[in-house]
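Scroll down for the structure; my scribbles are underneath it.
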Amino acid sequence: MIRLKTFFILIITFGVFQKVIAQRPVEIGKNDPEHIFTYDELSLLEDSSGRMTFDMVRQKDKAGSFKANTIYYPKNIKHHSAYWYKVKINFSSEITSKQSLFEFYDQTTGDIIAFLPDAKGNYEQVNRGADKEFTKRLYHHKNLEFLIPEHPKGTYIYYFRIKSAGEVNVIIVYRTVERFINYALAEYITYGFFYGMILVFSLHNLLMFFATGLKQYLFYVLYMLSVGIYEMSVDGIAFQFIWPGAPVWNQYAYGIALYGVSIFALLFTRTLLHLKQYNLRLYRFINITIIIRTVYFIFCFTFKREWFVYKFWEFIPLSIAFLAGIMVWMQGFKPARFFVIGYTFLFAGAIMKLITVLGFATQLPGAVGHYSMTMGFVLEMTLLSFSIGDQVRLFRTEKDTASKWALHQMNLNMELQGSINQRLEDQVAERTRELVAQARHIEEQANEIARMNLLLENDNVQLKTDIEKMTEARMEATDLSFEEFSQKYPDREHCYQLLADLKWKNGFECKRCAYTHYSEGRRPFSRRCNKCAYEESPMQDTIFENNRIPINKAFYIVYILFATKGKISSYKIAEQLDIRQGTCWTYAIRINAIIEQQKPALGRNKNSRWIDLILKAGN
-18 MIRLKTFFIL IITFGVFQKV IAQRPVEIGK NDPEHIFTYD ELSLLEDSSG RMTFDMVRQK
42 DKAGSFKANT IYYPKNIKHH SAYWYKVKIN FSSEITSKQS LFEFYDQTTG DIIAFLPDAK
102 GNYEQVNRGA DKEFTKRLYH HKNLEFLIPE HPKGTYIYYF RIKSAGEVNV IIVYRTVERF
162 INYALAEYIT YGFFYGMILV FSLHNLLMFF ATGLKQYLFY VLYMLSVGIY EMSVDGIAFQ
222 FIWPGAPVWN QYAYGIALYG VSIFALLFTR TLLHLKQYNL RLYRFINITI IIRTVYFIFC
282 FTFKREWFVY KFWEFIPLSI AFLAGIMVWM QGFKPARFFV IGYTFLFAGA IMKLITVLGF
342 ATQLPGAVGH YSMTMGFVLE MTLLSFSIGD QVRLFRTEKD TASKWALHQM NLNMELQGSI
402 NQRLEDQVAE RTRELVAQAR HIEEQANEIA RMNLLLENDN VQLKTDIEKM TEARMEATDL
462 SFEEFSQKYP DREHCYQLLA DLKWKNGFEC KRCAYTHYSE GRRPFSRRCN KCAYEESPMQ
522 DTIFENNRIP INKAFYIVYI LFATKGKISS YKIAEQLDIR QGTCWTYAIR INAIIEQQKP
582 ALGRNKNSRW IDLILKAGN
């Protein structure tokens, strides 16, 4: 009795359990042009290996391995796995050929294989996806469609294998072809308006950038174009019209566009709100955010392409821009009000899109939830354009106010100038008379000063002459130190000047051709013959020819040897001139030999000088 009771309990429990997990068929009648499958009308099977065949899946289905879907919008949570979805439809009328289809909304789905039963129960395999060239699609449409084969009324099971590198939403829709055409036309018209607005706004602001040179116009244009490319990438328009033959771009384009949205939004915010002027800390924080976002983008693009799917990261830079607008508005920058309102609409659209994806907005019309982000972008673009225009208007108002104030001040200045002109003229006339008298007095003083300067100049000339005579006399009377001697011959120029004056005191005569006209040579104080171009140095044919020590020191050695009659030692000369003793000894021997050679001639002339030694040695 107990065993029989237990058996009945198990039978009832199994029947209830089977009823719970059994997939509910969807009823579709002849007058039903469209049906969007809800989460409880789908069941799924995860293939972690990605290698299961359709027959293996059928066996798994018979064994009850398919699980009821519990997510409002099913997703491929594990990107390396393949997901099998099953829908069960009870058609109350016959399905004719090419009159109905399945459509998948998420255009970024990489690969979808549909297994569609025909009237005989055989399954046809059809392959679609964003990883394949656009031209291979059934219809040249942004979404992915599968035609339902012809079969009589009854209940049929359809299988779909989905695998994608990025996260996608699995939204399956049944439509008649007539409904699909009407829906697609209306959708493309809507997209045309949206992208047309982006182009019009971009062109207008680009022209404003060229006209004004304000960077915010350029950043605004780049921001809008990034938004447009992102929207085109995720809704399939770009794949259809821009790169239909390069499906690989579907894996990169939306990530690149999102990077552009974040970066140009921050640059636009930084420039429009003048953060460097109003909030320097926020300005630096935005710069750091730009650097971090760029590093993340490069890492994703180079190493982790699948990380592009994490779109929620973009809320961080956009939230920073929103916060910056609020703070600057509170500080009194009026153009920030349209900026804040625009970002408010954008965030409202993003929140509505999020709650729709999570399944919390089931009461909203599907188009409102699905396109809420797009509508938020439209309103934001419009208000950001107003913000730029409002800034220009405020600047123009400030400029007009400044111009009016300047004009008012100019009028006041003219009135003041007119009132004081007469008084100034009287004062100028009086002052002119005073200046004329002062000028006459100054002229008399200037004449007196000029006379005194002339007398002083004559005295200075006489004094200089007396000093030179005195120095010359001292040189002849006694032996001077090198420091005292250097006052008269301090450098090479003075020495060369003396040599040139002594050598050519009777005029120049070329040693080659005896021509008497010359020009300045390439070396200091040298003379070049104008006839044969022979150049002669002032040291040539003198005692200083081929001299190896500084000329002023060589002068002193000749002077001191002449003055002391050769009795000074080479050690003392070396000590005074800071020259090696051996060099001074060699030089002294040569000079003493010349002195000894010229001694008879020098003895007859009691007024002979050391420079006479140079001339006689040269001759």
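The sequence shown maps to residues -18 to 600 in the numbering used here.
Even glycine gets a Cβ: it sits at the ideal position worked out from N, Cα and C.
These numbers come from a predicted model, not from an experiment.
Reduced DSSP category for residue i - H, G, I as helix; E, B as strand; rest coil
{"i": "Y470", "result": "coil"}
{"i": "G147", "result": "coil"}
{"i": "N186", "result": "helix"}
{"i": "N12", "result": "coil"}
{"i": "C476", "result": "helix"}
{"i": "E406", "result": "helix"}
{"i": "G313", "result": "coil"}
{"i": "C565", "result": "helix"}
{"i": "W224", "result": "coil"}
{"i": "D216", "result": "helix"}
{"i": "K492", "result": "coil"}
{"i": "P6", "result": "coil"}
{"i": "Y64", "result": "strand"}
{"i": "Q106", "result": "strand"}
{"i": "K486", "result": "coil"}
{"i": "S207", "result": "helix"}
{"i": "I560", "result": "coil"}
{"i": "K69", "result": "strand"}
Sequence-distant residues of the same chain with beta carbon closer than 7 angstroms to residue i, five excluded per side
{"i": "K134", "result": "F72, S73, S74, E75"}
{"i": "E517", "result": "K492, S507, R508"}
{"i": "F543", "result": "I576, W591, L594"}
{"i": "L248", "result": "F200"}
{"i": "V242", "result": "Y204, S207, V208, Y211, E295"}
{"i": "E105", "result": "L97, D99, P130"}
Residue environment, residue i, which counts as buried when at least 16 other CB atoms sit within 10 Å
{"i": "C565", "result": "buried"}
{"i": "R612", "result": "Missing from the structure shown is residue 612; the chain here goes from -18 to 600 and no further."}
{"i": "D216", "result": "buried"}
{"i": "A95", "result": "buried"}
{"i": "W65", "result": "buried"}
{"i": "I2", "result": "Below a pLDDT of 50, predicted positions are generally treated as unreliable, and I2, at 46, falls in that range; no measurement from the model is reported."}
{"i": "M391", "result": "exposed"}
{"i": "I267", "result": "buried"}
{"i": "R251", "result": "buried"}
{"i": "M520", "result": "buried"}
{"i": "A302", "result": "buried"}
{"i": "K580", "result": "exposed"}
{"i": "R561", "result": "exposed"}
{"i": "V539", "result": "buried"}
{"i": "E474", "result": "exposed"}
{"i": "A569", "result": "buried"}
{"i": "A192", "result": "exposed"}
{"i": "S24", "result": "buried"}
Reference residue i; option with closest CA among the options
{"i": "T325", "options": "S183, F266, T116, I307", "result": "I307"}
{"i": "N12", "options": "Q232, Q557, G241, R160", "result": "R160"}
{"i": "F282", "options": "E425, Y240, V215", "result": "Y240"}
{"i": "N511", "options": "Q521, I524, C494", "result": "C494"}
{"i": "I530", "options": "N50, S507, L542, D559", "result": "D559"}
{"i": "N150", "options": "Y86, Y201, F127", "result": "Y86"}
{"i": "S589", "options": "K546, R571, R504", "result": "K546"}
{"i": "V181", "options": "K534, E411, M362", "result": "M362"}
{"i": "Q221", "options": "I9, H122, R421", "result": "H122"}
{"i": "N527", "options": "R571, L203, Y499", "result": "R571"}
{"i": "L360", "options": "F320, S384, G399", "result": "F320"}
{"i": "F314", "options": "N394, Y259, D522, Y235", "result": "Y259"}
{"i": "Y155", "options": "L128, K292, R404, M37", "result": "L128"}
{"i": "Q197", "options": "G177, I170, A555, P316", "result": "P316"}
{"i": "T51", "options": "L82, A44, R32, F18", "result": "F18"}
{"i": "L483", "options": "D460, G502, I524, L461", "result": "I524"}
{"i": "G31", "options": "L388, K69, I93, A227", "result": "I93"}
Same chain, Cβ closer than 8 angstroms to residue i, neighbours up to 5 away in sequence not counted
{"i": "E148", "result": "K56, N57, I58, H60, V290"}
{"i": "A146", "result": "H60, G91, Q232, R286, E287"}
{"i": "Y515", "result": "C491, K492, R493, C494, R509"}
Any non-hydrogen atom of the ligand NAD closer than 7 angstroms to residue i Cβ
{"i": "I595", "result": "Absent from the structure shown: the ligand NAD. Ligands present: none."}
Residues near residue i in its chain [Cβ-Cβ closer than 6 angstroms; skip 5 each side]
{"i": "S78", "result": "E131"}
What are the uninterrupted segments assigned as beta strand (DSSP E) that are 3 or more residues long and contained completely in the segment 117 to 166, given in chain order?
125 to 128, 135 to 144, 153 to 157
Which runs of the beta strand (DSSP E), 3 residues or longer, sit entirely within the segment 501 to 556?
508 to 510
Going residue by residue through the segment 21 to 55, where are the continuous beta strand (DSSP E) segments of at least 3 residues, counting only ones entirely within it?
24 to 28
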